[in-house]
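Heads up: the sequence shown begins at 4 in the working numbering, then just goes up one per residue. Report on the following structure.
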Amino acid sequence: MSFDDTLVADTITSLAALFGLLIVISVVGGRDDGLSRRFLFGLRVLAVLLACRILDWTTGLALFRFVTIAAAGLLPLAALLLTEGLLRRHAPFALKFFAASGALLFLLLALIPESLAEPWRMAMLLAFQFGGFVAIGWLVMTRDRDSLSAAENRTVERMALSLLLILPFMVTDYRPGLFEVPVRLGGIAILFLCWLTIGLGRASLGHRDTIGAFAVIALSSVFAGLALGGIDDLGWRGSVQGVVIVLSATLLAVIYNDSVSLTAEKRRDSLLKHMAEGDLTDSASFLRGLQHHILVDGALILPAADLGDFDLKVLARALEQAPVRSLADVQPDAPVDEDIREQLAWLFEKYEATHVLLATLDPLAVVALNMPAMASSPGVEMELRAVQRMAMLIAQREAMT
C-alpha cells in the first residue's frame, strides 16, 4: 500500500468522527447547564482538532498543523474539567497544574517548525495525553460512589468505558515509530464516545447492551472489510483499512439514527404529556382534553343517560374487571364472557371506537375513543391505562369534596 492509501483511510475515518462529533454537539447544545457546557467545550476542542488535522493533511498549511497540536494539548484539560463536573468535586491541584501547564506548553511548542520538532514533539504529546487520561481514569475509579446518584454513576461509568478504547487507540494516531499501523484508530474511539454519549439519553440501555451492540457492529465490520480485502486481493493492510472504514461508517450511521430517535422521543406528544399538562379541575375536563390529542381521533364522554341501548350492569362489570377495553377484547379467542363480548362489540361499533375507558363507576360513565391501529403500541396502551387511572383518582377527589 502506498502512503496515499493510508492518507485516504485516515481522512475518511477522521471525517466520520468529525461528523459524529457534530451530531453530538447538536444534541448536547440544546441543554443549558454547567456540566453540558463543560462537555461541549471538550467536544468542540475535539472537533477543531479533527477538522484542522484533515485540512493539514490535505493542504499542508502550517496554520492547520499549529491549531491541531494546540487543540491536542488542550484535550487532557478539557477531559479533566468534564470529570470534575461529573464527580462534583475538584481534582487534585497537581493534576490541574499538569493539565493546564501542558496545554500552555504545547501551545508554545506548536510554533516550532515541523522539521525541527519531530519526532520528539509527537512523542511528548503522546506521553502527556496518555498520562493525563490515565490520571483521569484513576479519579473515576477512586470516586465516592455514594456521593453520586445512580444516573450520575452510570454517566461516569460510560465515560470510563470510552477511556478503555481511547487509550490504546490513541497510540495509533501518533505512529511513534515503534510499529507501523495501516490506519489511525483514534477516530473509532471518538465515534464510540459519541455513541455512548447519545446512549446516555436512553436509560433503558445498560452497559452490557451497549458493549454487546458494539461487538456486533465491530464483528460485522471485520467480516465486511475482510471480505472486500479478499475479493480485491488488497493484502492485510488494505483489509485492515477496509475494516476500519466500514466500522467508522457504520458507527456514524448508528449515531445519527440514535440521535434522530432521541430527538423524536423528546418531541413525542405522548399521553403522559396530557397527564402532566391536562386540566385537573374535574374528571370530565381532564378526559375532554383527550379529544384534541394527536393520538386520539375524538373522545366521547358517555354518561349512563347516553347508554340506554346497553346493559349497564354488564358494562359496569366488564369495566370493573378491566378499566380499559379495546377491540382485542371482542375477538373470538379473547378470555371474556359472551355477554361482555356482546356489549363491548356493540359499543365499539356504535361509536366507531377502538378503546373504552371507565370514567366513573357510580354513576357509570365511560369514554369511547378511536386510536388508529398504526398509532397503537404497548407503550401507548400503558399510557392509556395511566390516563384512565388518573381520571378515576380525580373523580374520587371530587366525590370527597
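Note that CB positions come from ideal geometry on N, CA and C, so glycine has one too. Model, not experiment: these values are computed from the prediction.
From the options, residue whose alpha carbon lies closest to that of residue i
| i | options | result |
| --- | --- | --- |
| I28 | A50, M403, L10 | A50 |
| F109 | V327, L129, L250, M403 | L129 |
| F351 | P122, L364, L38, L318 | L318 |
| T71 | H93, F96, R92, L111 | L111 |
| L77 | L64, I57, L46, G63 | L46 |
| S17 | F172, I115, H93 | F172 |
| I191 | T62, C55, L38, Q244 | Q244 |
| S152 | R91, T61, L119 | R91 |
| L53 | L80, G37, D13 | D13 |
| G15 | M127, G189, D149 | Just to set this straight, residue 15 is Ile in the shown sequence, not Gly. Cα-wise, what sits closest to I15 is G189. |
| L322 | V369, V219, A337 | V369 |
| S39 | T145, G88, I139 | G88 |
| T61 | T9, Y259, A163, A308 | T9 |
| F131 | P116, N156, T200, V174 | V174 |
| Q399 | E384, M374, E155, T363 | T363 |
| M199 | I397, V186, I214 | The sequence given here places Leu at residue 199; Met does not occur at that position. Nearest of I397, V186, I214 to L199, Cα basis: I214. |
| P116 | S224, A348, A65 | A65 |
| I343 | W239, D314, E155, S150 | D314 |
| F22 | A75, I258, A113 | I258 |
| A389 | P326, D336, M374, T357 | P326 |
| P185 | L166, R146, W239 | W239 |
| I201 | M162, L170, R187 | M162 |
| L142 | R320, L305, L98, A252 | L98 |
6 Å CB neighbourhood of residue i in its chain, flanking five on each side removed
| i | result |
| --- | --- |
| V339 | D332 |
| L85 | R41, F42, G45 |
| L58 | F67 |
| M125 | Y177 |
Bridge partner(s) assigned by DSSP for residue i
| i | result |
| --- | --- |
| S445 | This structure cannot speak to residue 445, because the chain is shown only from 4 to 404. |
| R328 | V359 |
| L372 | A302, H358 |
Helix, strand or coil at residue i according to DSSP, with G and I counted as helix
| i | result |
| --- | --- |
| T363 | strand |
| V186 | coil |
| L305 | strand |
| G32 | coil |
| P335 | coil |
| R400 | helix |
| A378 | Here A378 scores only 44 on pLDDT, less than 50, and its place in the model should not be relied on; the value that follows carries that caveat. A378: helix per DSSP, three-state reduction. |
| Y259 | helix |
| E352 | helix |
| T253 | helix |
| D147 | coil |
| S17 | helix |
| L64 | coil |
| L231 | helix |
| G180 | Residue confidence for G180 is low, a pLDDT of 49 falling below 50, so the modelled location carries little weight and cannot support an answer. |
| L462 | Since the displayed the chain opens at 4 and closes at 404, residue 462 lies outside it and no answer follows. |
| G134 | helix |
| T9 | helix |
| A163 | helix |
Integer-rounded CB distance, given that residue j should sit under 8 Å from residue i
| i | j | result |
| --- | --- | --- |
| V405 | R392 | This structure cannot speak to residue 405, because the chain is shown only from 4 to 404. |
| L265 | V30 | 7 Å |
| L196 | S224 | The Cβ separation is near 17 Å, so there is no contact. |
| V48 | A81 | 5 Å |
| L254 | I220 | 7 Å |
Neighbour flag for residue i against chain B, beta carbons, 8 Å
| i | result |
| --- | --- |
| V11 | In the structure shown, chain B does not exist; there is a single protein chain. |
7 Å CB neighbourhood of residue i in its chain, flanking five on each side removed
| i | result |
| --- | --- |
| G180 | The pLDDT assigned to G180 is 49, lower than 50, so where the model puts this residue is not dependable; a value taken from the coordinates is nonetheless given after this. So the qualifying residues of the chain are P122. |
| G228 | S242, G245, V246, V249 |
| A113 | F69, I72, A73 |
Proximal residues to residue i (C-beta, below 8 Å), its chain only, five neighbours per side dropped
| i | result |
| --- | --- |
| A307 | L315, P366, L367, A368 |
| L303 | Y354, A356, V370, A371, L372 |
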